[in-house]
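Residue numbers (my numbering): 9 to 157.
As structure tokens, this is what we get:
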């Protein structure tokens, strides 16, 4: 069984359950969520404003400001004034920030792969299938009424 491919599938399903990092709504920031903020910045591919980050992450601008300060202190992001609107600040990931996120993402995938290997072929496949179904239902927003029991 290709556990690495299964881990990628699981990771994608889990991401769908939690939202779209490319400007969609996500779950609230976890404690110390600077890596989460960095993932949104990296996924955006462009410069992004702290206000947009706040909206995407579903947290206050103050919470985003704390995460940005931590990321900036580590050299993972830079903040610059928007040239077209000097009142706005834009945030971009530095090469070091992108590399740090890449390492973090790879480690997360390796952890998922180890978990799936430990579950074994049948349970791992079934788990990934169930998480995929939950992701579908979550993305649909439970628009359909639940079946009558």
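Glycine is no exception: its CB is placed at the ideal position from the N, C-alpha and C atoms.
When the options are compared against residue i, the one with the closest alpha-carbon
i: residue 60; options: 78, 97, 92 and 132; result: 97
i: residue 109; options: 20, 18, 47 and 41; result: 47
i: residue 82; options: 107, 136 and 125; result: 107
i: residue 57; options: 112, 42 and 95; result: 95
i: residue 86; options: 130, 133 and 73; result: 73
i: residue 49; options: 13, 68, 142 and 99; result: 99
i: residue 41; options: 118, 78, 117 and 113; result: 78
i: residue 89; options: 55, 75, 43 and 51; result: 55
i: residue 64; options: 136, 45, 80 and 122; result: 45
i: residue 80; options: 125, 53 and 43; result: 43
Beta bridge counterpart(s) of residue i as assigned by DSSP
i: residue 80; result: For residue 80, which the question treats as bridged, DSSP gives no partner whatsoever.
i: residue 88; result: 98
i: residue 56; result: 99
Whole-angstrom distance between residue j and residue i, CA atom to CA atom
i: residue 146; j: residue 138; result: 12 Å
i: residue 101; j: residue 120; result: 26 Å
i: residue 9; j: residue 18; result: 14 Å
i: residue 134; j: residue 148; result: 21 Å
i: residue 16; j: residue 114; result: 10 Å
i: residue 20; j: residue 51; result: 14 Å
i: residue 91; j: residue 84; result: 21 Å
i: residue 11; j: residue 93; result: 48 Å
i: residue 68; j: residue 118; result: 32 Å
i: residue 129; j: residue 70; result: 45 Å
i: residue 123; j: residue 141; result: 19 Å
i: residue 33; j: residue 66; result: Because residue 33 carries a pLDDT of 45, less than 50, the predicted location of this residue cannot be relied on, and the following value inherits that uncertainty. Those two C-alpha atoms are separated by around 7 Å.
Supposed close pair residue i, residue j - CB separation, criterion 8 Å
i: residue 143; j: residue 14; result: The pair is not a contact, with the Cβ atoms about 15 Å apart (cut-off 8 Å).
Item to check | Whole runs of the alpha helix (DSSP H) within the stretch 106-151, excluding any shorter than 4 residues | outcome: 129-148
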